[in-house]
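Participant: This is the structure I want to talk about, given as structure tokens.
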Amino acid sequence: MPPALRKPRLRRWEAADYLKIVHGIEVAPATLAKWASVGGGPAYQKVNRTPLYPTVELDSWAADKLGDPVRNTSHG
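Under UniProt numbering, the first residue of the sequence shown is numbered 1, with each subsequent residue one higher.
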């Protein structure tokens with residue numbers, strides 16, 4: 001993993017890169033911004049006006065979105 005993504009909290013563009021590299025989920029920074037407004041995205045914190053995404057929250061959100069592995073289409 002690139003050193004820039006090893007921080008405990010990531011800026012929005014870094015969070016998008018982290019989700020792609022670690023979880024294989026491609027999400028644009030603009031989509032994360034939209035979800036921050038309307039809901040449905042990973043939890044974040046703010047420092048002044050800068051949103052920071054804790055990596056533990058990104059991991060938790062990705063696990064919830066991915067769901068459990070299935071062996072065939074009849075399982076969901």
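For glycine and all other residues, C-beta sits at the position ideal for the given N, C-alpha and C.
Excluding sequence positions up to five away, which residues of its chain have a Cβ less than 7 Å from the Cβ of LEU10?
Facilitator: Answer for LEU10: TYR18, LEU52, TYR53 and THR55, listed in chain order.
Participant: Given HIS23, which residues of its chain have a CB within under 6 Å of its CB, disregarding the five upstream and five downstream residues?
Facilitator: So the list reads ALA62, once near-sequence residues are dropped.
Participant: Compare the beta carbon distance of GLU26 and LYS34 with 8 Å and say whether it is the shorter of the two.
Facilitator: No, Cβ-Cβ distance for GLU26 and LYS34 is not below 8 Å.
Participant: Nearest by alpha-carbon distance to ALA16: which of THR31, GLY40 and PRO3 is it?
Facilitator: Per the Cα distances, THR31.
Participant: Looking only at its own chain, which residues have a Cβ that is under 8 Å from the Cβ of LYS46, when we skip the five neighbours before and after it?
Facilitator: If we look at LYS46 and ignore the five residues flanking it on each side, its Cβ neighbours are LEU52.
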